[in-house]
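Per UniProt numbering, the sequence shown starts with residue 1, numbered consecutively.
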Amino acid sequence: MYGQNENRIAESEFSSEKIDLTNCDRELIHIPGAIQPHGVLLVLAEPDLRIVQISNNARAFLAREPEELLNQPLESCLDPQQVQLLQERRLQPDLEALNPLQITVHSTPQPEIFDGIIHRIGTRLILELEPFNPQIENPFSNFYHLMRSSTAVLQRARDLPILSQAAADLVRELTGFDRVMIYKFHPDWHGEVIAEAKREGLEPFLGLHYPASDIPQQARELYRHNWLRLIANVAYQPAALLSVDNPGPLDLSGSVLRSVSPMHIQYLKNMGVGASMSISILKNQQLWGLISCHHATERYVPYITRAACEFLGQILSLQIAAREELADNMYEMEVKTKQSILLDLLLQTERVEDVLQAQSERILQLVEAQGVAIYLADRYLASGKVPDQATGLRLLEWVRPQLHAEEFFATNALATLWEEGESIKEIASGVLVISISALQNSYLLWFRPEIIQQVTWGGDPEKPMQSDQQGIILHPRTSFAAWSQTVQRTATAWKRCEIEAALSLRSAIVDRVLRSLLLHRNEELASLNERLEESNQELDSFAYIVSHDLKEPLRGISNYVSILEEDYHDQLDETGIARLTTLTRLSARMGELIDALLHYSRVGRVELAFVQTDLNEVVQRSLEMVRGRIEEDSVQVHLIEPLPTIRCDRIRVGEIFSNLISNAIKYNDKPAKEIEIGALPEEEQDGMRRVTLYVRDNGIGIREKYFDSIFRIFKRLHGRDTFGGGTGAGLTIVKRIVERHSGNIWVESEPGRGSTFYFTLVER
1 MYGQNENRIA ESEFSSEKID LTNCDRELIH IPGAIQPHGV LLVLAEPDLR
51 IVQISNNARA FLAREPEELL NQPLESCLDP QQVQLLQERR LQPDLEALNP
101 LQITVHSTPQ PEIFDGIIHR IGTRLILELE PFNPQIENPF SNFYHLMRSS
151 TAVLQRARDL PILSQAAADL VRELTGFDRV MIYKFHPDWH GEVIAEAKRE
201 GLEPFLGLHY PASDIPQQAR ELYRHNWLRL IANVAYQPAA LLSVDNPGPL
251 DLSGSVLRSV SPMHIQYLKN MGVGASMSIS ILKNQQLWGL ISCHHATERY
301 VPYITRAACE FLGQILSLQI AAREELADNM YEMEVKTKQS ILLDLLLQTE
351 RVEDVLQAQS ERILQLVEAQ GVAIYLADRY LASGKVPDQA TGLRLLEWVR
401 PQLHAEEFFA TNALATLWEE GESIKEIASG VLVISISALQ NSYLLWFRPE
451 IIQQVTWGGD PEKPMQSDQQ GIILHPRTSF AAWSQTVQRT ATAWKRCEIE
501 AALSLRSAIV DRVLRSLLLH RNEELASLNE RLEESNQELD SFAYIVSHDL
551 KEPLRGISNY VSILEEDYHD QLDETGIARL TTLTRLSARM GELIDALLHY
601 SRVGRVELAF VQTDLNEVVQ RSLEMVRGRI EEDSVQVHLI EPLPTIRCDR
651 IRVGEIFSNL ISNAIKYNDK PAKEIEIGAL PEEEQDGMRR VTLYVRDNGI
701 GIREKYFDSI FRIFKRLHGR DTFGGGTGAG LTIVKRIVER HSGNIWVESE
751 PGRGSTFYFT LVER
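Structure below.
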């Protein structure tokens with residue numbers, strides 16, 4: 001690639017894979033090993049600023065052969081005063097704010113002034129020199145007035161089309177490019193030209209769409225990190241980098257002169273472009289679009305003008321983000337208003353089915369759907385435009401496996417995922433499915449119809465590349481003629497706030513069903529009912545199963561047992577009495593499961609009280625609660641002090657320790673039982689403090705295949721009455737409390753040698 005000179009970066013240090021459109025998304029465009037030749041690049045070793053790499057076009061700018069300058073101090077081509085200035089400036093924390101530096105080179109026949117642009121990569125200081133344009137008088141004063149007036153223009157724009165057009169006009173006025181486009185990325189990363197300012201006589205590109213392959217992923221990532229990229233001459237010959245000791249490819253991601261992918265150069269040539277410039281448009285640190293500039297011939301844009309364009313790009317980014325977020329917030333408020341009305345109606349009605357049937361129109365409007373189907377065990381309710389019940393059931397059978405990991409399933413192109421979706425695309429191209437209870441086959445389904453669109457592409461999107469006669473892919477397409485495509489089998493995409501509203505409705509349904517259960521429970525569960533009433537907003541789907549499956553059977557069993565005992569006691573033999581006893585015991589067992597389930601649900605909904613907490617005191621209180629069992633079993637407890645102090649919910653964290661300590665005692669068959677409680681070294685990441693605590697025992701241990709399942713609700717590894725019995729909900733509750741502290745819990749164990757339960761608490 002760059003010859004065999006021993007001072008040059010060897011070709012083998014780059015990917016040996018030939019780049020074409022089958023693999024250009026893997027091209028290492030950040031390490032091209034060369035720059036564009038309208039400037040010179042020097043890589044300086046700090047702190048002495050020795051030249052360790054230099055572009056091979058140095059003679060054109062510095063009047064010295066690049067080989068002569070390698071391994072020489074910077075003074076070999078710059079005045080000592082300027083080197084001293086650079087030494088001082090390089091120590092500043094924000095190098096970008098210093099750019100451009102005015103650098104005068106005296107080694108040339110006539111002193112030449114350059115814009116010096118510096119940045120740092122690793123331990124190297126990068127200095128790039130571009131010719132200074134003396135025709136720009138008082139550039140910083142002009143920059144201020146220009147930016148002030150341009151900002152005012154953008155702020156006056158009423159909507160996105162006007163804003164985008166104003167930005168395109170301003171950039172074209174600033175730079176003189178033949179064409180300036182505002183290019184917006186869609187969710188699938190294909191682009192659309194939403195505004196355009198162009199020279200008279202040029203074919204318009206406004207409204208054209210371009211496939212995502214035109215700007216591959218790694219290029220989009222560079223645009224996300226660099227506000228501006230200039231290609232002054234598409235026909236340029238790259239200037240290779242020479243180095244002292246062949247250190248390997250230099251990351252030029254932050255370089256203003258970085259050479260461009262040959263595939264992109266070919267793409268521009270195919271478009272008839274002689275020079276281009278791109279300015280990033282970012283929203284929440286993500287790439288929203290580009291200000292794309294094209295010129296038919298070579299066009300160099302001075303650094304100060306590029307800085308003005310970059311500033312305009314930043315202002316445009318802020319304006320777009322603010323307007324879109326305002327629109328999103330207004331729509332979200334509208335959705336929440338609809339949601340609030342539905343939740344109020346659910347709270348006021350005894351039977352959930354009555355609300356769902358009577359308020360089907362509101363349920364439709366909640367997520368802007370045109371059809372809704374509700375499956376509640378053996379009941380089916382529908383409103384609006386929906387598939388027939390049988391097709392809906394087959395759709396559920398297909399969706400159900402995908403709901404195991406998520407609480408919802410959403411698509412706006414069902415026919416592309418499900419074979420039968422083609423037959424219902426007119427009414428159900430968009431589908432949103434919320435699981436109420438998978439075990440009870442209870443679901444909410446919303447449907448959106450197909451929206452047929454005519455999209456005009458800049459060239460055939462199905463053929464983004466050209467092949468030779470043998471079909472081998474060689475280079476980007478050469479045709480950019482308008483190509484009309486009918487987009488079918490697609491509905492309006494579901495917004496995040498709509499999905500959240502649907503999930504809230506699901507929680508409210510579960511909430512309402514459990515509330516009905518609590519109102520009809522006997523006196524024994526009254527206190528639990530009061531606690532649940534206080535935080536009855538977001539119940540887990542298990543609570544729905546409790547109310548729908550266990551309420552009536554449990555009451556029936558209890559009633560029939562009482563009747564049999566009272567009316568037929570004298571007529572029953574020992575076998576009959578034993579069976580009644582079994583029924584009574586099973587009813588009590590079911591009551592325990594309901595209690596555990598409600599506790600689990602409440603832990604997920606109760607508002608946590610975060611206070612500064614000494615964990616040593618929490619552990620001591622937890623030990624006091626099981627002091628009798630500790631003394632009875634002669635358990636040796638080792639508290640590795642001091643435990644840290646952290647902001648947490650001390651009551652819930654106490655529940656974690658109590659549960660883990662109780663299990664450590666319960667599941668231990670050793671004559672000498674031991675428990676160790678301690679903490680690992682703290683970690684801090686992204687401004688968050690992470691504390692890891694553990695409870696270790698020398699008990700029976702756990703097989704590795706059960707490490708995950710022990711945290712599932714009602715999962716016991718032993719018989720119901722062995723090791724003191726229990727519901728199997730304790731570790732599930734512990735896991736939920738830990739997760740609500742933004743932490744996680746895991747176990748390390750070996751059968752017969754004990755277990756160690758680790759959990760983390762995160763302090764933000």
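We put the beta carbon where it would ideally sit given N, CA and C, even for glycine.
query, result
"Continuous beta strand (DSSP E) stretch holding L41: start and end", "V40 to A45"
"In chain order, each beta strand (DSSP E) run of at least 3 residues that lies wholly inside the UniProt domain \"Phytochrome chromophore attachment site\" (159-314)", "179-185, 191-198, 228-231, 239-243, 275-283 and 286-295"
"Close-in-space but distant-in-sequence residues of the same chain around R379 (CB under 8 Å, 5 per side omitted)", "E353"
"Status (buried if at least 16 other CB within 10 Å, exposed otherwise) for R703", "exposed"
"Where the alpha helix (DSSP H) through Q81 begins and ends", "P80 to R89"
"Neighbour-count burial assignment, K705, 16 or more Cβ in a 10 Å radius", "exposed"
"Sequence-distant residues of the same chain with beta carbon closer than 7 Å to S429, five excluded per side", "N412, A413, L414, A415, R448, P449, E450, R489, T490 and A491"
"The beta strand (DSSP E) enclosing R740, as first and last residue numbers", "Taken as a continuous stretch (DSSP letters only), R740 belongs to no beta strand (DSSP E), being part of the alpha helix (DSSP H) at G730 to R740."
"Nonlocal neighbours in the same chain, by C-beta distance under 6 Å from V637, ignoring five residues either side", "I675"
"Range covered by the beta strand (DSSP E) that runs through S634", "From DSSP, S634 is part of no beta strand (DSSP E); its letter is neither H nor E."
"Contact between the stretch 727-744 and the stretch 666-673 (3+ Cβ pairs under 8 Å)", "no"
"Three-way DSSP call (helix, strand, coil) for W418 in this model", "coil"
"Residue from I113, G122 and G116 whose Cα sits closest to the Cα of P47", "G122"
"Helix, strand or coil at P401 [DSSP, three-state]", "helix"
"C-alpha gap between L345 and V386, whole angstroms", "24 Å"
"Residue nearest to K670 in terms of C-alpha spacing, selected from L693, S634 and N659", "S634"
"Reduced DSSP secondary structure (H/G/I, E/B, other) of D378", "coil"
"Identity of the residues DSSP links to H30 by a beta bridge", "Per DSSP, none; premise fails for H30."
"Buried/exposed call for Q118, threshold 16 Cβ in 10 Å", "It is Ile, not Gln, that sits at residue 118 in the sequence shown. I118 is buried by the Cβ-count criterion."
"Beta-carbon gap between L230 and M181 smaller than 8 Å", "no"
"Best match in E632, G628, T692 and G687 for proximity to T645 [C-alpha to C-alpha]", "T692"
"Own chain partners of E523 with C-beta closer than 6 Å, once the 5 adjacent residues on each side are dropped", "A caution first: E523 carries a pLDDT of 41, below 50, which makes its placement in the model unreliable, though a value can still be read off. Here the set comprises nothing."
"DSSP three-state assignment for E763, whether helix, strand or coil", "strand"
"Cβ-based burial, M688 [other Cβ within 10 Å; buried from 16]", "exposed"
"Given 8 Å, three or more beta-carbon pairs between the stretch 75-84 and the stretch 153-170", "no"
"C-beta atoms of I424 and T391 nearer than 8 Å", "yes"
"Span separating the alpha-carbon of S259 from that of E88", "29 Å"
"8 Å Cβ cutoff met for V611 and E498", "no"
"Same chain, Cβ closer than 6 Å to E420, neighbours up to 5 away in sequence not counted", "none"
"Own chain residues within Cβ distance below 6 Å of R629, not counting five before or after", "I665"
"Environment of E533 [buried if 16+ CB atoms lie within 10 Å]", "Unreliable positioning characterises E533 in this predicted model, as indicated by a pLDDT of 45, which lies under 50. The coordinate reading is nonetheless provided below. By the 10 Å Cβ count, E533 comes out exposed."
"CB of L505 within 8 Å of CB of Q348, strictly", "no"
"Alpha-carbon spacing of E632 relative to L381, whole angstroms", "58 Å"
"Sequence-distant residues of its chain with Cβ nearer than 7 Å to residue 837 (five each side left out)", "Limits of the chain in this structure are 1 at one end and 764 at the other, which puts residue 837 out of reach."
"Coarse secondary structure for G752, derived from DSSP in three states", "coil"
"P66 in three-state terms, based on DSSP", "helix"
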